[in-house]
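Notes for the one structure printed next.
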Amino acid sequence: MQIQIVKSKIHRVKVTGADLNYIGSVTIDEELMEAANIIEGEKVQIVNNNNGARLETYVIPGKRHSGEIVLNGAAARLVSPGDIIIIMSYAIMDFEVAKSFKPSLVFPDENTNLLK
């Protein structure tokens, strides 16, 4: 049996922009992507703590050390700059493997910097 399990999570990160006229995706600072083990093009779920919106999109890398978290395209209607969101990705794996799997969890500070 295989199950879907949380692979990566960027917890409580601040939205820095929303670009309705950009082709859909979420732009994430490349440093945050690496810390969370998320790659370009990976499907992610985003939960907006401010308004309860939930959406799925894919990731594009933002400039390293920029703190950039930008929702693009239609997703831009579900956030406002300053909103706090959670970004999660999932993996499908064997049930027994999933029991011991440890996800990559990232907890940025209020300025979207990695906590050291």
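Each residue of the sequence shown is one higher than the one before, starting from 20 at the first, in my numbering. Heads up, the beta-carbon is just placed ideally off N, CA and C, and yes, glycines get one too. Keep in mind that this is a model prediction, so the values were computed, not measured.
Buried or exposed, going by whether 16 or more other CB atoms sit within 10 Å of the CB of residue i?
i     : result
Glu50 : buried
Lys82 : exposed
Ala93 : exposed
Gly86 : buried
Ile22 : exposed
Val32 : buried
Val98 : buried
Tell me the rounded alpha-carbon separation between residue i and residue j.
i      : j      : result
Val25  : Asn40  : 30 Å
Pro80  : Glu53  : 10 Å
Leu133 : Val125 : 7 Å
Ser119 : Met112 : 11 Å
Thr46  : Phe114 : 32 Å
Asn130 : Gly71  : 21 Å
Ile104 : Val89  : 11 Å
Ile42  : Arg73  : 19 Å
Gly36  : Pro100 : 5 Å
What first and last residue would you give for the beta strand (DSSP E) that runs through residue i?
i      : result
Ser99  : It is not in any beta strand (DSSP E) - Ser99 carries neither H nor E in the DSSP assignment.
Leu74  : 73-81
Ser27  : 21-33
Ser85  : First-last for Ser85: undefined, no H or E at that position.
Asp128 : Here Asp128 belongs to no beta strand (DSSP E), and DSSP marks it neither H nor E.
Ser67  : The sequence shown places Asn at residue 67, not Ser. Its beta strand (DSSP E) spans residues 62-67.
Gly36  : 36-38
Can you round the beta-carbon distance between residue i and residue j to whole angstroms, since I take them to be within the 8 Å contact cut?
i     : j      : result
Val34 : Glu61  : In fact, because the Cβ distance is near 19 Å, the residues do not count as touching under 8 Å.
Val63 : Ser108 : 5 Å
Arg57 : Pro127 : Correcting the residue type first, residue 57 is Ile in the shown sequence and not Arg. The Cβ separation is near 13 Å, so there is no contact.
Asn69 : Asp38  : That belief does not hold up - the Cβ atoms of Asn69 and Asp38 are roughly 18 Å apart, past 8 Å.
Within the continuous alpha helix (DSSP H) that includes residue i, where are the two ends?
i      : result
Glu115 : 114-119
Ile51  : It is Leu, not Ile, that sits at residue 51 in the sequence shown. Element bounds for Leu51: 49-55.
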